[in-house]
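Quick note on our numbering: the sequence shown kicks off at 1 and runs consecutively.
One structure is given below, encoded as structure tokens.
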Amino acid sequence: MGPMGTVTDYLATLSGPNRETLERVVAVAREVVPDATEGTSYAMPALMVHGKAFLSALETKKHLAIYPFSGQVFSRLADRLEGFDWDKGTLRFSAEHPVPDDVLREIVSLRVADIEAKPARK
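The structure is reproduced here in structure tokens:
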């Protein structure tokens, strides 16, 4: 499996409820970050801001997953992630049990705030 391309290309390879669920994740992220661009980070199609990846949403064999490219975000939202399987870098969910939009907004907002707080290293 080669590089998956950008977010739009990747979503186009999916179908059914999984695709709809991941498209919703991306749509909500774009509402929070209207100037997000698409790229790749760690070989994953990612939404980027200021050249840094802040969200990847992928289908895996067993579940859907969100990766914020940060080990800090989910631990700060632990109380909001009740009922989901997560560790510091991955949140797992399904089309039947999607992440609520307000929680998605918080994940994206926290991650982007972290990116904006760090001065760009040359």
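Quick reminder that beta carbons are idealized off the backbone N, C-alpha and C, glycines included.
For clarity, every value in this text was computed on a predicted model and none was experimentally measured.
Under the three-state DSSP convention, the category residue i falls into
{"i": "L14", "result": "coil"}
{"i": "L22", "result": "helix"}
{"i": "P3", "result": "Legend: pLDDT at P3 = 45, less than 50; position of this residue unreliable, value from coordinates given subsequently. Coil at P3, not helix or strand."}
{"i": "F74", "result": "helix"}
Proximity below 9 Å, CB of residue i to CB of residue j
{"i": "V108", "j": "L55", "result": "yes"}
{"i": "A57", "j": "L81", "result": "no"}
Integer Cβ distance of residue i from residue j, believed to fall under 8 Å
{"i": "V7", "j": "L47", "result": "6 Å"}
{"i": "V49", "j": "A36", "result": "6 Å"}
{"i": "D87", "j": "V28", "result": "At roughly 22 Å, the Cβ-Cβ gap does not stay under 8 Å, so D87 and V28 are not in contact."}
Through-space distance from residue j to residue i, alpha-carbon basis
{"i": "E20", "j": "V99", "result": "13 Å"}
{"i": "A117", "j": "S70", "result": "14 Å"}
{"i": "G89", "j": "Q72", "result": "8 Å"}
{"i": "D9", "j": "A43", "result": "14 Å"}
Opening and closing residue of the alpha helix (DSSP H) in which residue i lies
{"i": "A117", "result": "D101 to A117"}
Boundaries (first-last residue) of the beta strand (DSSP E) holding residue i
{"i": "V49", "result": "M44 to V49"}
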